[in-house]
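Working notes, structure below.
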Amino acid sequence: MSFLTAQDPPQSSSSSFEPPQPCRRFTISEIEIATRNFDDSLVVGSGGFGKVYKGTITNNNGESILDVAIKRLGATSNQGAVEFRAEIEMLSNLRHCHLVSLIGYCNDGQEMILVYQYMSRGTLEHHLHKGGILLSWVRRLKICIGAARGLNYLHTGTGINHGVIHRDVKSSNILLDDCWEAKISDFGLSKIGPTNQPCTSVSTMVKGTFGYLDPDYVYTGRLTRKSDVYAFGVVMLEVLCGKQAVDRSLGEEQRSLARWAKESIKEGKLNQIVDVNLRGRISPKCLKEFTRLAYSCLQSHLKHRPTMVEVVMGLESVLALQEKSNSTLQPAGMTIFRRKAPKLIFPSNQETSEHRLLMLDDLFFNILSFFYISISNSLLFVELVVGGISLKSLDIYLYEVESENRTLRRFDFDTINVATENFSNPTSPYEGEDFSSLFSTWFPFPGRLQNGQDIAIHKQPRCENYEDEMKEASALLYLEHKNLVELLGYCIAGKELYFVYNFAPYGSLDDFLYRRHPLNWDERYKILLGVAQALVYLHKHAPMRVIHSDVNLLNIWLDESLVPKLCGFQFSRCSKIDEPDYIDVDVVRGTSGPIPIAPEYGRHGHLSTKVDVFRFGFLILQMVFWLRSILGLLEAGKHLGVEIGLTLRDWLCSNISDADLSQISRCIHIGLLCIEEDSNERPSMDAVIGMLLNTSSNYHTLPLPKRPVEGLGQLRSSNQS
Numbered sequence: 001m002s003f004l005t006a007q008d009p010p011q012s013s014s015s016s017f018e019p020p021q022p023c024r025r026f027t028i029s030e031i032e033i034a035t036r037n038f039d040d041s042l043v044v045g046s047g048g049f050g051k052v053y054k055g056t057i058t059n060n061n062g063e064s065i066l067d068v069a070i071k072r073l074g075a076t077s078n079q080g081a082v083e084f085r086a087e088i089e090m091l092s093n094l095r096h097c098h099l100v101s102l103i104g105y106c107n108d109g110q111e112m113i114l115v116y117q118y119m120s121r122g123t124l125e126h127h128l129h130k131g132g133i134l135l136s137w138v139r140r141l142k143i144c145i146g147a148a149r150g151l152n153y154l155h156t157g158t159g160i161n162h163g164v165i166h167r168d169v170k171s172s173n174i175l176l177d178d179c180w181e182a183k184i185s186d187f188g189l190s191k192i193g194p195t196n197q198p199c200t201s202v203s204t205m206v207k208g209t210f211g212y213l214d215p216d217y218v219y220t221g222r223l224t225r226k227s228d229v230y231a232f233g234v235v236m237l238e239v240l241c242g243k244q245a246v247d248r249s250l251g252e253e254q255r256s257l258a259r260w261a262k263e264s265i266k267e268g269k270l271n272q273i274v275d276v277n278l279r280g281r282i283s284p285k286c287l288k289e290f291t292r293l294a295y296s297c298l299q300s301h302l303k304h305r306p307t308m309v310e311v312v313m314g315l316e317s318v319l320a321l322q323e324k325s326n327s328t329l330q331p332a333g334m335t336i337f338r339r340k341a342p343k344l345i346f347p348s349n350q351e352t353s354e355h356r357l358l359m360l361d362d363l364f365f366n367i368l369s370f371f372y373i374s375i376s377n378s379l380l381f382v383e384l385v386v387g388g389i390s391l392k393s394l395d396i397y398l399y400e401v402e403s404e405n406r407t408l409r410r411f412d413f414d415t416i417n418v419a420t421e422n423f424s425n426p427t428s429p430y431e432g433e434d435f436s437s438l439f440s441t442w443f444p445f446p447g448r449l450q451n452g453q454d455i456a457i458h459k460q461p462r463c464e465n466y467e468d469e470m471k472e473a474s475a476l477l478y479l480e481h482k483n484l485v486e487l488l489g490y491c492i493a494g495k496e497l498y499f500v501y502n503f504a505p506y507g508s509l510d511d512f513l514y515r516r517h518p519l520n521w522d523e524r525y526k527i528l529l530g531v532a533q534a535l536v537y538l539h540k541h542a543p544m545r546v547i548h549s550d551v552n553l554l555n556i557w558l559d560e561s562l563v564p565k566l567c568g569f570q571f572s573r574c575s576k577i578d579e580p581d582y583i584d585v586d587v588v589r590g591t592s593g594p595i596p597i598a599p600e601y602g603r604h605g606h607l608s609t610k611v612d613v614f615r616f617g618f619l620i621l622q623m624v625f626w627l628r629s630i631l632g633l634l635e636a637g638k639h640l641g642v643e644i645g646l647t648l649r650d651w652l653c654s655n656i657s658d659a660d661l662s663q664i665s666r667c668i669h670i671g672l673l674c675i676e677e678d679s680n681e682r683p684s685m686d687a688v689i690g691m692l693l694n695t696s697s698n699y700h701t702l703p704l705p706k707r708p709v710e711g712l713g714q715l716r717s718s719n720q721s
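In the UniProt record's numbering, the protein residues as written are 1 to 721.
Structure, rendered in structure tokens:
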């Protein structure tokens with residue numbers, strides 16, 4: 001809810017407004033194409049200003065497709081032409097890694113539309129209060145540091161004569177990108193003020209959001225940079241407490257987060273205000289310093305509040321305290337590190353560390369009991385052990401995570417059993433058929449945790465050890481990409497292993513195909529692009545090369561915006577980026593069915609990134625023909641050219657544009673190149689991306705498939721007839 005003390009001044013039309021370059025001006029027709037005529041299914045946010053749509057645009061030369069957030073101010077919006085112009089002027093002049101990027105605007109007629117860089121992780125508010133991903137304490141600290149750096153830039157480092165006072169700092173205006181980097185957004189209420197003195201004020205009518213408004217600003221109407229500091233202090237409390245700035249469902253004493261938290265901090269009740277999901281995970285020193293810093297931001301007197309640069313420095317110190325604590329195992333008995341230790345006892349240690357364990361050589365433990373140990377985010381699972389045991393006699397697999405600390409939560413069985421209502425509703429698309437034996441491998445059980453977070457749970461098959469099954473967990477700890485599913489945690493119950501994922505509400509792509517759910521070509525094309533981008537990331541840009549080896553419809557989940565999420569890493573293999581991109585294996589593992597295993601892998605155990613390319617080629621053809629299996633078409637190769645012609649005619653009859661028809665033809669061609677029997681003739685995944693995006697090139701400029709699979713000798717003539 002926004003707050004203002006008086007009516008806004010008369011708002012002039014925005015039609016004559018021309019912002020500084022390099023801000024791009026879009027026509028309303030371009031915006032309508034990007035949003036499919038403002039399709040409600042693309043809405044990713046809404047408020048007093050109107051609606052925000054997720055859309056796609058091409059860059060100025062028409063070669064690249066960009067995901068964007070399109071903010072359309074409604075007719076009854078709290079924001080008008082003044083705020084519209086202010087936001088464009090501000091973001092056109094400001095460039096910083098922790099500010100959201102404005103790509104362009106549209107002001108045709110009465111329309112006032114802003115086009116931003118799309119932030120795939122949404123808002124900080126969503127993850128704290130609205131069922132998003134459970135954020136670890138370290139991640140929350142890093143988000144705070146990023147947002148603080150953005151505000152400090154506005155206050156002091158803009159390079160213009162005056163600093164910028166944001167005036168509406170809140171968790172819903174802190175956006176998060178793929179890598180969880182914080183970006184300050186929404187500059188509609190911002191003001192420019194002098195930078196020579198921290199408390200220099202600008203006289204203005206009071207605007208902002210309840211719960212974040214600086215009391216001094218409300219009482220006096222004097223806006224200063226310290227008003228942003230106060231609001232940021234409230235955000236810090238949200239991050240720590242997991243509570244909203246104003247919660248009208250609570251009693252009077254707890255309704256205002258700032259007032260309730262300040263009283264609790266003053267009384268020394270620090271542990272009582274910490275988010276229940278973080279209790280026991282924050283070091284005492286870190287908690288003390290963080291609350292001290294937040295409390296100082298909320299001081300009544302402006303001169304007692306820190307500047308944003310002081311907030312940044314304070315938060316960095318707090319993060320260092322937490323990371324130091326995370327890297328230390330607290331002993332609960334005699335701990336001896338030497339070549340032969342007669343006894344070594346560790347307590348339960350749930351923290352994580354970026355430190356590496358390089359070698360355990362000739363080291364013996366007398367292990368009384370333990371079930372789980374985390375070493376540098378590595379995973380080691382041991383059944384109940386009594387007596388002396390040499391670690392060298394165990395099959396131990398340590399997977400280092402060299403990036404930021406990530407928490408993999410261990411759920412108890414009762415929690416996931418309640419969340420799934422005793423595992424009663426697997427999301428199988430095959431209603432009325434007995435596929436229960438497959439549920440443990442393929443179909444996730446939807447559930448909801450007590451905090452309201454929706455989850456999906458995969459039950460793994462029974463096993464004697466967890467080496468293969470934990471590969472998925474260890475691989476996903478490395479990986480972060482908008483088109484990869486997010487692993488939240490796991491559960492071990494006896495010999496059963498469960499993986500807990502962030503829920504993808506639209507299920508698997510196989511579900512769409514089985515039910516014949518109509519997806520238009522634009523939706524199918526974006527799904528293909530998303531999966532291709534995930535594979536390029538795995539092959540070339542992840543911390544280590546990952547060969548997925550099991551790309552199929554069941555392993556592609558869809559979120560509410562139909563963004564694909566690749567999952568199913570049970571059969572994946574990892575190698576270093578600088579090593580050859582192939583691995584010879586003794587046992588071929590993967591799923592057969594609608595998408596076959598690549599010939600060189602199935603016959604000779606030769607696994608490479610081209611195996612993923614092969615399966616992606618089949619995925620392309622499945623999406624074009626909208627069939628779960630195209631094996632029948634491939635086996636009758638002489639008729640494939642006819643089938644392609646019939647499919648293109650069907651597309652033509654559906655009033656599809658000539659451009660899309662050309663793109664469909666091109667995708668068929670790319671799919672056939674990907675399923676070449678000789679792996680050397682298949683393109684790499686980054687080459688496939690280039691082919692998919694290069695829509696200006698003629699269909700016939702692509703190389704002709706030489707021999708896609710056995711039995712397609714007549715494909716070339718059929719395809720050219």
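Using N, Cα and C, we set each Cβ at its ideal position, and we do this for glycine too.
task: Would you mind working out which of 310, 279 and 528 sits nearest residue 620, comparing C-alpha positions?
output: 528
- prompt: Roughly how many whole angstroms lie between the Cα atoms of residue 702 and residue 104?
  reply: 34 Å
message: Taking its Cβ as the centre, do 16 or more other Cβ atoms sit within 10 Å of residue 600, making it buried, or is it exposed?
response: buried
query: What's the call for residue 40, buried or exposed, on a 16-neighbour Cβ count within 10 Å?
result: exposed
message: Classify residue 98: buried if its beta carbon has 16 or more other beta carbons within 10 angstroms, exposed otherwise.
response: buried
- prompt: Buried or exposed: which applies to residue 219, given that a residue is buried once 16 or more other Cβ atoms fall within 10 Å of its Cβ?
  reply: exposed
message: Taking the alpha carbon of residue 271 as the reference point, which residue from 533, 666 and 286 has its own alpha carbon closest?
response: 286
query: Short check: CB of residue 235 to CB of residue 171, under 8 Å?
result: yes
- prompt: Going by DSSP, what residues sit across from residue 499 in a beta bridge?
  reply: 458 and 490
query: If we call anything under 8 Å between Cβ atoms a contact, is residue 558 one with residue 507?
result: yes
message: Quick check on the burial criterion: 16 or more other C-beta atoms within 10 angstroms. Buried or exposed for residue 614?
response: buried
8 Å Cβ cutoff met for residue 247 and residue 255: yes
message: Does residue 54 pass the burial test, meaning 16 or more other C-beta atoms within 10 Å, or should it be called exposed?
response: buried
- prompt: Secondary structure at residue 182, three-state DSSP: helix, strand or coil?
  reply: strand
field: Boundaries (first-last residue) of the alpha helix (DSSP H) holding residue 557
entry: No alpha helix (DSSP H) holds residue 557; the beta strand (DSSP E) holding it covers 556-558.
message: When you compare the stretch 26-34 with the stretch 107-122, are there three or more beta-carbon pairs, one atom per stretch, that lie closer than 8 Å?
response: yes
message: For residue 191, list the residues DSSP reports as bridge partners.
response: 165
message: Which residue wins for smallest C-alpha separation from residue 458, given the options 504, 59 and 480?
response: 504
- request: Determine the burial state of residue 570: buried for a count of at least 16 other Cβ atoms within 10 Å of its Cβ, exposed for fewer.
  value: buried
message: Please state whether the Cβ-Cβ distance between residue 164 and residue 185 is less than 8 Å.
response: no
As assigned by DSSP and simplified to three states, the class of residue 108: coil
message: Here's a check: name, in chain order, each residue in its chain whose Cβ is nearer than 6 Å to the Cβ of residue 273, leaving out the five neighbours to either side.
response: 241, 261 and 264
- request: Alpha carbon to alpha carbon, how far is residue 206 from residue 224? Give it in angstroms, no decimals.
  value: 12 Å
task: Excluding the 5 residues preceding and the 5 following residue 142 in the sequence, name in chain order all residues of the same chain whose CB lies nearer than 6 Å to its CB.
output: none
task: Please confirm whether residue 124 and residue 187 have their CB atoms less than 8 Å apart.
output: no
message: Let me confirm a value: residue 148 is counted as buried when at least 16 other C-beta atoms fall within 10 Å, else exposed. Which label applies?
response: buried
query: Going by other Cβ atoms of all chains shown within 10 Å of its Cβ, with 16 needed for buried, is residue 414 buried or exposed?
result: exposed
query: Just how far apart, CA to CA, sit residue 540 and residue 551?
result: 17 Å
- prompt: With distances taken from CA atoms, which of 535, 127, 705 and 192 is nearest residue 454?
  reply: 127
message: Comparing C-alpha positions only, which one of 610, 670 and 611 sits nearest to residue 623?
response: 670
Within 8 Å, strictly: CB atoms of residue 151 and residue 138: no
task: Just the C-alpha distance for residue 293 and residue 130, rounded to the nearest angstrom, thanks.
output: 26 Å
message: So, with DSSP's three-state summary, where would you put residue 509?
response: helix
Straight-line Cα distance separating residue 480 from residue 543: 10 Å
field: Residues bridged to residue 69 (per DSSP)
entry: 54 and 116
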